[in-house]
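Residue numbers (our numbering), protein chains in the order written: chain W, 17 to 498; chain E, 17 to 498.
We treat Cβ as the ideally placed atom computed from N, Cα and C, and that holds for glycine.
Keep in mind it's a predicted model, so treat the numbers as computed, not measured.
Protein chains: 2
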Amino acid sequence: MAPQVTVDSINPKVIECQYAVRGEIVILAQKLQQEIQAKPEAYPFQEILYCNIGNPQSLGQKSITFFREVLALCDHPAILAKSETQALFSADSIERARKILDQIPGRATGAYSHSQGIKGLRDTIAAAIEARDGFPADPNDIFMTDGASPAVHMMMQLLIRSEKDGILCPIPQYPLYSASIALHGGTLVPYYLDEATGWGLEVSELKKQLQEAKSNGITVRALVVINPGNPTGQVLAEENQKAIVEFCKEEGLVLLADEVYQENVYVPEKKFHSFKKVARSMGYSEKDIHLVSFQSVSKGYYGECGKRGGYMEVTGFGADVREHIYKLASVNLCSNITGQILASLVMSPPKVGDKSYESYIAERDGILSSLARRAKTLEDAFNKLEGITCNKAEGAMYLFPRINLPKKAIKAAEEVKTAPDLFYCRCLLNETGIVFVPGSGFGQVPGTWHFRCTILPQEEKIPAIVTRLTDFHKRFMDEFRE
Amino acid sequence: MAPQVTVDSINPKVIECQYAVRGEIVILAQKLQQEIQAKPEAYPFQEILYCNIGNPQSLGQKSITFFREVLALCDHPAILAKSETQALFSADSIERARKILDQIPGRATGAYSHSQGIKGLRDTIAAAIEARDGFPADPNDIFMTDGASPAVHMMMQLLIRSEKDGILCPIPQYPLYSASIALHGGTLVPYYLDEATGWGLEVSELKKQLQEAKSNGITVRALVVINPGNPTGQVLAEENQKAIVEFCKEEGLVLLADEVYQENVYVPEKKFHSFKKVARSMGYSEKDIHLVSFQSVSKGYYGECGKRGGYMEVTGFGADVREHIYKLASVNLCSNITGQILASLVMSPPKVGDKSYESYIAERDGILSSLARRAKTLEDAFNKLEGITCNKAEGAMYLFPRINLPKKAIKAAEEVKTAPDLFYCRCLLNETGIVFVPGSGFGQVPGTWHFRCTILPQEEKIPAIVTRLTDFHKRFMDEFRE
Numbered sequence: 017m018a019p020q021v022t023v024d025s026i027n028p029k030v031i032e033c034q035y036a037v038r039g040e041i042v043i044l045a046q047k048l049q050q051e052i053q054a055k056p057e058a059y060p061f062q063e064i065l066y067c068n069i070g071n072p073q074s075l076g077q078k079s080i081t082f083f084r085e086v087l088a089l090c091d092h093p094a095i096l097a098k099s100e101t102q103a104l105f106s107a108d109s110i111e112r113a114r115k116i117l118d119q120i121p122g123r124a125t126g127a128y129s130h131s132q133g134i135k136g137l138r139d140t141i142a143a144a145i146e147a148r149d150g151f152p153a154d155p156n157d158i159f160m161t162d163g164a165s166p167a168v169h170m171m172m173q174l175l176i177r178s179e180k181d182g183i184l185c186p187i188p189q190y191p192l193y194s195a196s197i198a199l200h201g202g203t204l205v206p207y208y209l210d211e212a213t214g215w216g217l218e219v220s221e222l223k224k225q226l227q228e229a230k231s232n233g234i235t236v237r238a239l240v241v242i243n244p245g246n247p248t249g250q251v252l253a254e255e256n257q258k259a260i261v262e263f264c265k266e267e268g269l270v271l272l273a274d275e276v277y278q279e280n281v282y283v284p285e286k287k288f289h290s291f292k293k294v295a296r297s298m299g300y301s302e303k304d305i306h307l308v309s310f311q312s313v314s315k316g317y318y319g320e321c322g323k324r325g326g327y328m329e330v331t332g333f334g335a336d337v338r339e340h341i342y343k344l345a346s347v348n349l350c351s352n353i354t355g356q357i358l359a360s361l362v363m364s365p366p367k368v369g370d371k372s373y374e375s376y377i378a379e380r381d382g383i384l385s386s387l388a389r390r391a392k393t394l395e396d397a398f399n400k401l402e403g404i405t406c407n408k409a410e411g412a413m414y415l416f417p418r419i420n421l422p423k424k425a426i427k428a429a430e431e432v433k434t435a436p437d438l439f440y441c442r443c444l445l446n447e448t449g450i451v452f453v454p455g456s457g458f459g460q461v462p463g464t465w466h467f468r469c470t471i472l473p474q475e476e477k478i479p480a481i482v483t484r485l486t487d488f489h490k491r492f493m494d495e496f497r498e
Numbered sequence: 017m018a019p020q021v022t023v024d025s026i027n028p029k030v031i032e033c034q035y036a037v038r039g040e041i042v043i044l045a046q047k048l049q050q051e052i053q054a055k056p057e058a059y060p061f062q063e064i065l066y067c068n069i070g071n072p073q074s075l076g077q078k079s080i081t082f083f084r085e086v087l088a089l090c091d092h093p094a095i096l097a098k099s100e101t102q103a104l105f106s107a108d109s110i111e112r113a114r115k116i117l118d119q120i121p122g123r124a125t126g127a128y129s130h131s132q133g134i135k136g137l138r139d140t141i142a143a144a145i146e147a148r149d150g151f152p153a154d155p156n157d158i159f160m161t162d163g164a165s166p167a168v169h170m171m172m173q174l175l176i177r178s179e180k181d182g183i184l185c186p187i188p189q190y191p192l193y194s195a196s197i198a199l200h201g202g203t204l205v206p207y208y209l210d211e212a213t214g215w216g217l218e219v220s221e222l223k224k225q226l227q228e229a230k231s232n233g234i235t236v237r238a239l240v241v242i243n244p245g246n247p248t249g250q251v252l253a254e255e256n257q258k259a260i261v262e263f264c265k266e267e268g269l270v271l272l273a274d275e276v277y278q279e280n281v282y283v284p285e286k287k288f289h290s291f292k293k294v295a296r297s298m299g300y301s302e303k304d305i306h307l308v309s310f311q312s313v314s315k316g317y318y319g320e321c322g323k324r325g326g327y328m329e330v331t332g333f334g335a336d337v338r339e340h341i342y343k344l345a346s347v348n349l350c351s352n353i354t355g356q357i358l359a360s361l362v363m364s365p366p367k368v369g370d371k372s373y374e375s376y377i378a379e380r381d382g383i384l385s386s387l388a389r390r391a392k393t394l395e396d397a398f399n400k401l402e403g404i405t406c407n408k409a410e411g412a413m414y415l416f417p418r419i420n421l422p423k424k425a426i427k428a429a430e431e432v433k434t435a436p437d438l439f440y441c442r443c444l445l446n447e448t449g450i451v452f453v454p455g456s457g458f459g460q461v462p463g464t465w466h467f468r469c470t471i472l473p474q475e476e477k478i479p480a481i482v483t484r485l486t487d488f489h490k491r492f493m494d495e496f497r498e
């Protein structure tokens with residue numbers, strides 16, 4: 017018999033799932049890159065400028081020295097006692113590596129850990145959360161994961177029983193959420209962020225969408241909030257967060273708080289507050305609200321995407337439900353230990369008085385201040401372009417400009433059976449090598465068009481990107497203007 | 017409103033899923049361990065002896081020096097050029113680290129990689145598969161994953177549409193398979209390994225179970241084969257593998273080959289052959305059979321469980337189906353880079369003439385020969401116990417002895433509402449600190465009872481385990497013998 021698995025006989029949920037961040041545009045970009053490697057004069061540009069994904073180190077961002085020193089020492093502890101090691105590594109990284117190894121049963125960095133992650137590292141993380149929020153954190157509430165994505169999947173798997181279960185998600189959203197909901201067979205219940213008020217999150221909109229979902233027979237189980245926002249870059253005000261907590265409390269919803277950009281805030285008037293801190297400051301305890309906070313080593317100033325470290329802090333569930341979350345974690349045994357160690361490090365970096373402190377602060381602030389400048393430069397550049405308006409990136413790593421496409425461009429896109437925003441991004445890539453992700457991958461108010469652009473290209477490349485983009489955009493509008 | 021998520025309102029598939037390797041017995045063991053730490057005289061033993069899980073480094077197995085040297089250098093490449101590094105690291109580990117860094121775009125070990133893993137590392141792995149099998153391997157067929165578990169989930173997610181889709185699984189099986197099938201809502205179609213012929217895999221049994229499933233309206237989509245076997249330790253003969261390939265070819269089934277124990281063969285009369293090699297040697301190409309091979313850095317002589325590295329080699333699917341597998345890989349962005357590097361290292365260890373070669377071989381052979389001795393000692397010990405018979409561990413890391421429990425013991429178990437094998441394992445743990453996993457977690461012929469015991473405790477501890485086990489077993493039988 018011929019092999020039986022065809023695209024018509026695989027799981028339809030897999031077919032339905034979309035993931036634009038690595039979708040069509042990125043596949044085209046990889047193809048162009050290979051062509052340029054083979055034949056450098058193939059295109060009017062010499063390199064592909066990836067602005068599609070929050071992957072800072074792929075664009076030249078340096079890793080934080082202290083973190084990498086500790087990781088190297090934990091990977092090969094045999095050198096800890098050697099005299100040469102003193103010359104190669106900072107004294108506090110040696111000390112930290114010893115401390116971490118002491119926290120690992122048998123000092124075995126090559127062993128599966130506890131399903132939730134190494135207890136000692138969870139202690140460190142819980143203490144750091146406590147110091148950040150001013151409210152207690154329990155190491156037994158921490159589930160360490162290979163980046164935030166598997167944690168999100170785990171919660172979706174727990175909550176979604178059928179297509180009658182809904183998850184309230186922002187639109188625009190990070191497509192991990194739509195993909196995970198599709199894979200687990202649930203229904204994405206959209207709520208729209210208000211572009212006109214800087215991607216404001218209005219509780220009236222939440223209520224409206226919840227009612228509409230209910231009237232369609234959907235049981236809404238959870239609310240996803242991404243703060244700072246991806247792809248929108250907004251940072252929620254504390255008052256707004258309080259209203260969101262109140263809404264989840266009133267409706268009995270799980271608040272799934274994507275807080276992976278907690279270190280990425282670029283404007284002095286805004287500050288990151290964890291939803292747990294907000295809920296506890298309102299007097300709501302474990303008994304009042306289900307709350308899950310996601311954190312990752314991939315973002316912040318560290319940007320260690322390849323290490324796949326992260327955790328979720330899970331509060332407000334009964335012991336019996338917790339047992340099932342533990343079981344889900346157990347099926348994959350544990351997250352990678354290097355990522356676990358790094359998650360403890362980003363939550364507990366060098367402190368005043370530590371040998372590495374000053375160099376660490378210089379590295380950290382160098383990255384964050386440069387990101388803030390890049391965000392501003394790109395925002396200003398977008399806002400100078402005909403038909404484009406762009407909200408400020410208060411935080412995270414993205415801008416999500418809106419483009420008012422001429423009718424002629426929309427028609428041209430229709431003729432090649434392409435969404436207009438994809439059409440724009442494809443033209444941009446083919447002519448300039450710049451990779452944006454079309455807004456349709458994140459969701460947008462029907463009839464509006466956007467794209468996501470990261471602020472991550474190294475600072476010295478930003479002027480060239482602005483020039484190339486500006487020139488392209490002018491040509492594009494000249495071609496399609498009515 | 018009170019929080020709404022209770023155990024009655026979570027996904028029933030999650031509730032159904034079981035994972036014995038970290039189940040009740042292990043949770044009890046962790047509790048006893050804490051009690052002993054607090055009060056060393058609490059039990060008639062001073063330590064918990066974990067024989068429940070294939071986690072070698074947690075029991076003192078050393079990591080392979082060369083692998084760890086390369087990982088440390090890749091984690092902190094800044095030291096590569098320092099003179100002290102020459103004194104601390106072998107020349108070939110420095111060279112290998114440089115080579116690997118050159119294979120990583122931008123030398124960025126902190127960046128997300130290609131969704132399938134870093135191309136250069138996949139080239140290394142494909143070349144190693146080719147050298148192992150004598151048949152071509154394509155780096156584009158390799159999907160690197162955080163251990164083998166996520167790869168298994170990915171294939172189950174792809175293949176299972178509903179409870180009408182079945183997966184043929186060995187009984188006994190590694191509970192990852194039953195857990196993953198349950199989580200994805202499919203039906204496990206069991207086929208029984210024949211304990212009387214050393215856990216033989218009979219194609220007649222496969223045919224019988226396939227027919228029975230079909231007559232129950234189940235569409236069987238794939239066959240899982242674990243070779244070398246977990247929990248059974250058997251190594252399939254090449255002729256047997258050919259018959260299995262023929263069966264999958266005839267029935268159009270996907271052959272899911274769990275080959276994570278490919279380096280763990282302890283008997284001279286058996287040799288590991290990959291299913292891909294067997295299929296290709298029969299003249300079957302990509303067009304004839306869907307074949308997926310799983311490999312992991314957690315097993316072998318390396319036992320690097322905590323690093324969560326692995327890959328699957330996916331052949332025989334059309335380009336359109338492959339796109340969906342790629343998309344599934346993309347939703348989690350990539351597997352961890354440390355694990356990816358390690359996967360390339362275990363498939364391409366030091367070669368004759370390399371500086372580290374001799375010390376590497378000494379480390380490798382030391383571990384493998386000790387594992388072979390431990391397997392034999394434990395097998396012999398089990399076979400000396402009243403009512404216990406135990407097949408040879410030809411490979412993998414486990415023994416799966418059968419215990420003929422006295423009726424009185426079965427009755428005593430029933431009285432405390434416990435499966436008889438769990439009852440035995442719980443008594444053993446409470447009296448000796450030894451942790452076995454009850455056979456019911458892996459599946460067994462109804463009315464028979466087994467447990468799984470790893471061969472991983474360090475060699476010097478084996479005699480004490482044998483003594484404690486023998487003494488316990490005698491007491492247990494004296495108490496319950498009819």
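Exercise. What residues in the segment 312-346 of chain W have a beta carbon less than 7 Å from any beta carbon of chain E?
Worked result: Gly-319, Glu-320, Cys-321, Gly-322, Lys-323, Arg-324, Gly-332, Phe-333, Gly-334, Asp-336, Val-337, His-340, Lys-343, Leu-344, Ser-346
For this session: Using alpha carbons as the reference points, say which of W:Ser-165, W:Arg-418, W:Pro-479, W:Gln-20 lies closest to W:Phe-467.
Result: W:Arg-418
Problem set entry | W:Asp-494, buried or exposed, once every other Cβ within 10 Å from all chains shown has been counted against 16 | Its Cβ having fewer than 16 others within 10 Å, W:Asp-494 is exposed.
Problem set entry | Interface partners of W:Arg-38 on chain E, CB under 7 Å | Ser-131, Ser-346
Exercise. If we cut at 7 Å on Cβ distances, does W:Tyr-277 have a partner in chain E?
Worked result: no
For this session: Taking 7 Å as the cut-off, decide whether the C-beta atoms of E:Ala-167 and E:Tyr-277 are in contact.
Result: no
Problem set entry | For E:Thr-213, the first and last residue of its enclosing beta strand (DSSP E) | Careful: E:Thr-213 lies outside any beta strand (DSSP E) and carries neither H nor E.
Problem set entry | the segment 121-130 of chain W touching the segment 273-293 of chain W, judged by at least three CB pairs closer than 8 Å | no
Exercise. So with Cβ pairs under 7 Å, would you call W:Met-170 a contact of chain E?
Worked result: False, the Cβ-Cβ gap to chain E never drops below 7 Å.
Problem set entry | Cα-Cα separation, E:Arg-20 to W:Glu-254 | First, the amino acid is wrong: residue 20 of chain E is Gln here, not Arg. E:Gln-20 and W:Glu-254: Cα-Cα distance of roughly 25 Å.
Exercise. Looking at the unbroken beta strand (DSSP E) that takes in E:Pro-365, where does it start and where does it end?
Worked result: Segment: none, E:Pro-365 is in no beta strand (DSSP E) and carries neither H nor E.
Problem set entry | Pick from W:Thr-203, W:Lys-223, W:Val-330 that is closest to W:Thr-161, judged by C-alpha positions | W:Val-330
Problem set entry | Residues near E:Leu-199 in its chain [Cβ-Cβ closer than 6 Å; skip 5 each side] | Take E:Leu-199, set aside five residues on each side of it, and the residues of its chain with a beta-carbon closer than 6 Å to its own are Lys-29, Cys-33, in chain order.
Exercise. Anyone know if the C-beta pair for E:Ser-165 and E:Ser-346 falls short of 7 Å?
Worked result: no
For this session: Identify every residue that forms a DSSP beta bridge with E:Phe-310.
Result: In the DSSP output, where bridge partners are listed per residue, E:Phe-310 has E:Asp-274, E:Met-328.
Problem set entry | Contact list for W:Met-17 against chain E, beta-carbon separation under 8 Å | Lys-265, Glu-266, Glu-267, Gly-268
Problem set entry | Whole alpha helix (DSSP H) elements within the segment 74-98 of chain E, 4-residue minimum | If we require 4 residues or more, the alpha helix (DSSP H) runs fully inside the segment 74-98 of chain E come out as 81-91.
Problem set entry | Beta-bridge partners of E:Arg-468, as assigned by DSSP | According to DSSP, E:Arg-468 bridges with E:Val-453.
For this session: Please specify which runs of the alpha helix (DSSP H), each continuous and at least 4 residues long, are wholly inside the segment 130-172 of chain W, giving them in chain order.
Result: Within the segment 130-172 of chain W, the complete alpha helix (DSSP H) segments of 4 residues or longer fall at 135-149, listed in chain order.
Problem set entry | Chain-ordered neighbours of E:Asp-91 on chain W, where CB pairs are closer than 8 Å | Arg-84, Leu-87, Ala-88, Asp-91, Thr-354
For this session: Step through the CB atoms of chain E and report whether any lies within less than 7 Å of the CB of W:Arg-177.
Result: yes
Exercise. So which residues on chain E does W:Asp-162 lean against when the C-beta distance must stay under 8 Å?
Worked result: Asp-162, Arg-324, Asn-348, Ser-351, Asn-352
Exercise. So which of E:Asn-156, E:Gly-136, E:Glu-51 has the shortest CA-CA distance to E:Gly-332?
Worked result: E:Asn-156
Exercise. Going by the beta-carbon positions, is the gap between W:Leu-104 and E:Glu-100 smaller than 7 Å?
Worked result: yes
For this session: Apply the 10 Å Cβ neighbour rule to E:Ala-335 and answer buried if 16 or more other Cβ atoms are within range, or exposed otherwise.
Result: exposed
Problem set entry | W:Pro-186 versus W:Arg-338, W:Trp-215, W:Phe-439, W:Ile-341, residue with shortest Cα-Cα distance | W:Trp-215
Exercise. How about E:Val-451 and E:Ala-45: do their beta carbons lie closer than 7 Å?
Worked result: yes
Problem set entry | With 16 other Cβ atoms within 10 Å as the buried cut-off, status of W:Ser-231 | exposed
Problem set entry | Proximal residues of chain E, C-beta to C-beta of W:Cys-469 below 7 Å | Residues of chain E passing the Cβ test: none, with the nearest at roughly 17 Å.
Exercise. Got a sec, what are the start and stop residues for the beta strand (DSSP E) W:Val-240 sits in?
Worked result: 235-242
Exercise. Where E:Cys-406 and E:Tyr-317 are concerned, what is the direct C-alpha to C-alpha distance, given to the nearest angstrom?
Worked result: Distance from the CA of E:Cys-406 to the CA of E:Tyr-317, rounded to the nearest whole angstrom, comes to 24 Å.
For this session: Anything in chain E within Cβ reach of W:Gln-20, meaning under 7 Å, just list it in chain order.
Result: Gly-268
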